[in-house]
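Our numbering applies: residue 3 is where the sequence shown begins, and numbers increase by one.
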Amino acid sequence: MNELVRNEIWSFFKQAQPIYLATIDKDIPRVRPVTLIYYNDKFWIATGSEDSKMSQIRSNCNFEFCKTISDGEKTGYIRAAGDITIIQDIETKKMLLDNIDFISYFWKDPADAGYSLLQVNIREIEYMKIGEMIANKYENK
3 MNELVRNEIW SFFKQAQPIY LATIDKDIPR VRPVTLIYYN DKFWIATGSE
53 DSKMSQIRSN CNFEFCKTIS DGEKTGYIRA AGDITIIQDI ETKKMLLDNI
103 DFISYFWKDP ADAGYSLLQV NIREIEYMKI GEMIANKYEN K
């Protein structure tokens, strides 16, 4: 993916936005809405440690998500696939807790056992521009 295309796609990501995240539970895909965080040019998800997606990610770290995009009349989408890293580092968890309101609304302490932070590592993107009918696939290196 060249820099121009990357910048166009990344321009749709705000600090926090809803996406539909798919994980694998044994051999069954499980999709749910989550808040994707874009901070310091990286993607993150904060979630409860006991949430079912956590056990699914521990068993199989591969994911796919879909984010719809719109200009108010026409739509498109961004699909991304890759792997998820569970972050154990307290300093990284604190950095996001201190800077992202969505996270600090739910957790107050980066060492809280109920707070899990996931780094979303995007390996490929499928991008359908707003108003178009054909999607293009790109590798994210």
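Heads up, the beta-carbon is just placed ideally off N, CA and C, and yes, glycines get one too.
For Ile21, the pairing in a beta bridge is given by DSSP as Val36. Straight through space, the alpha carbons of Arg125 and Thr87 are spaced by roughly 13 Å.
Taking a C-beta distance under 9 Å as the contact criterion, Ile11 and Ile127 qualify as a contact pair. Across the structure, Gly78 and Asn138 are spaced so that their CA atoms are roughly 11 Å apart. Cβ neighbours of Glu66 within its own chain (closer than 6 Å, five residues either side excluded): Ala24, Ala83.
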